[in-house]
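Here UniProt numbering is used: position 75 in the sequence shown is 75, and no number is missing along the way. What follows is a short report on a single structure.
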Amino acid sequence: MVTNSRTHTKVGLGARVLDGIERAGNRLPDPFALFIFLFAVIAVVSTVMAAADVVVELPDAEEPTPIRGFFTGEGITWLTTGMVTNFVEFPPLGVVLTILLAVGVAQRTGLLAAVVRRAFGRAPRWALPYVVGIVSVAGNIMSDAAMVALPPLAAMVFKAAGRHPVAGLLGSFAAVTAGYSCSPFITSADALLSGITTAAAEPLGDVGTAVTPVSNYFITATIAVLLGLVSGLLIDRVLEPSLNRRQMPTETVEGVTSTGAKSEDGTDVVLDPELSPQERRGLRWSGLALMLTVSGVLLLTLPAGAPMRGEDGGFLPSSPLLDSVVFLVFLTLIVPSITYGLVLRTVTGGASIASMMAGAVKDMSGFLVVAFVMAQFLALFNWSGLSSWLAVTGADLLERANFTGFGAIVAFVILAALINLFVISGSAQWTLFAAVFVPMFALLGYEPGFIQAAFRIGDSATNGLSPLNPYMVIILGFLRAYAPNAGLGTVIARALPFSLVFLVLWIVVLAVFFFTGTPVGPGMGIHL
């Protein structure tokens, strides 16, 4: 008699949860298909509700507003006559593209990489974890490129200093992902989220302060410094000691580079944290160019009667200075970048600058396609009146449950953190959330810009825990240069302390702003 024996491997609870998240997330469609599906759902639901004569009673409205159905003569003509307008007037579109033109030049001239390498290369051995933490948290000015460029560079400088390179690699990745939405700089994420918030707040009319790319700057700049320092502490006291205890290899596997990057001819790309004399000269000239640019802006801002001041001589709540935020961010990025490029000769004329900008737009082609369907979805959601109906209904339920204070904000943050495990695209998630929660919380008395700040906490903290994060696989490739048998669980387990600590600390900071009434950005308070 032959007996077939089976070996059963016991799977832990954590592994089962992660497997479940991965399976559930894999069933979600990509953002383009997701928003087409949601558009269809809104079209059907709005038509049914319109046929049932459902109305929404908005505060301060003289009479109830009826829900409008898409599958009606009015709805069809709304789409056929307004599709282009919906897309062109989608608030994030122009703002994001404008800032990314400047970021594209900064990346392609080599300025951003040089600044990061300068920060890493000059750090003493004991301070390396803190420098890596601060630079990685602030690194989202490079957008998603930070998740690929910074971790392998951090590994190299750790190894050169005689510290564990994997601590630099995984610590930098965890800091970049979990602190993705906070920075001491204004980034394309600020522009993108503020545009979506503006679109979602349109049904509110003139209620609330206009949301701009700097509307969350006070809280994001504050938390960026705190999270950068805490990241360094976690790398130094938690991550690196645990790697040493587990005897994680510090040398790369033979034939595998620590960066995993290849040049066009197939040779390994080596990232050197030390700058060449020409690169150092380029940084000095670009720093001077930045100082002159800022000085010029200050001359137009500080004197009495300066053109950047408001009619009353101030800056808040409205002034040309605040209305020029996108232009100022563009200017302070593009001038130093071109200066650096001229010194390094990566900029040889107008044609090279245009080529760099074209490359940045090419990199954003996927966003443009998704933005088209996102714009149609939001426009229909607002036009039909469903956004207002959901906001009024949800706000009424929260008021009846007496759940309108800071506890409701924390619950919103946690919900965003959980959904972020499945919908890794921050713009896609905020488009869904903003359409419902911005009007809902506005009816409870909260500024749209403050709700946006709360969302950013949940959207950032769990980035490094989602198996659906496409950069997780890239970091795993870097990690396997040291530990060939490492898996996604290794990356997630090392990122978990960062995510949990970041989430708690960020909520604490949010609570301080909330209970002290401190504005989260210029002119952006907590309550309407």
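We treat Cβ as the ideally placed atom computed from N, Cα and C, and that holds for glycine.
Query	Result
Glutamine 247 classed as buried or exposed, judged by whether at least 16 other C-beta atoms fall within 10 angstroms	exposed
Reduced DSSP category for methionine 524 - H, G, I as helix; E, B as strand; rest coil	strand
Nearest-angstrom Cα separation, counted from tryptophan 285 out to residue 573	This structure leaves residue 573 out entirely; the chain is present only between 1 and 528.
Short Cβ contact (8 Å threshold) for leucine 290 with valine 347	no
Proline 152 - DSSP class collapsed to helix/strand/coil	helix
Nearest-angstrom Cα separation, counted from isoleucine 186 out to methionine 83	31 Å
Short Cβ contact (8 Å threshold) for phenylalanine 514 with phenylalanine 403	no
Span separating the alpha-carbon of phenylalanine 35 from that of valine 373	6 Å
The segment 117-130 / the segment 456-466 touching (three or more Cβ pairs under 8 Å)	no
CA-to-CA distance, threonine 72 to leucine 227, given in whole angstroms	51 Å
Any 3 or more C-beta pairs closer than 8 Å across the segment 394-402 and the segment 60-70	no
Closest Cα partner of leucine 38 within the set Ala435, Arg163 and Ala50	Ala435
Proline 184 - DSSP class collapsed to helix/strand/coil	coil
Any non-hydrogen atom of the ligand ADP within 7 Å of glycine 104 CB	By its list of ligands, the structure shown contains no ligand whatsoever, and the ligand ADP lies outside what it can speak to.
8 Å Cβ cutoff met for leucine 229 and isoleucine 134	yes
Nearest residue (CA-CA) to glycine 445, options Val392, Asn469 and Pro484	Val392
Three-state class that DSSP yields for tyrosine 446 in the structure shown	strand
Option nearest proline 448 by Cα separation, candidates Val501, Ser466, Ile492 and Gly523	Gly523
Bounding residues of the alpha helix (DSSP H) (the contiguous stretch that carries glutamate 74)	73-88
Contact belief for alanine 201 with valine 438 at Cβ below 8 Å, rounded distance in angstroms	5 Å
Selected residue, minimal CA-CA separation from alanine 33, among Ala146, Val504, Gly394 and Gly366	Gly366
Neighbour-count burial assignment, threonine 212, 16 or more Cβ in a 10 Å radius	buried
Start-to-end residues for the alpha helix (DSSP H) that takes in isoleucine 141	Where isoleucine 141 is concerned, there is no enclosing alpha helix (DSSP H), given that its DSSP letter is neither H nor E.
Inter-residue spacing [alpha-carbon to alpha-carbon] between glutamate 279 and glycine 94	33 Å
Where proline 336 falls: helix, strand or coil (DSSP)	helix
Exposure label - histidine 527; buried when at least 16 CB within 10 Å	exposed
Check whether alanine 442 and glycine 208 have beta carbons under 8 Å apart	yes
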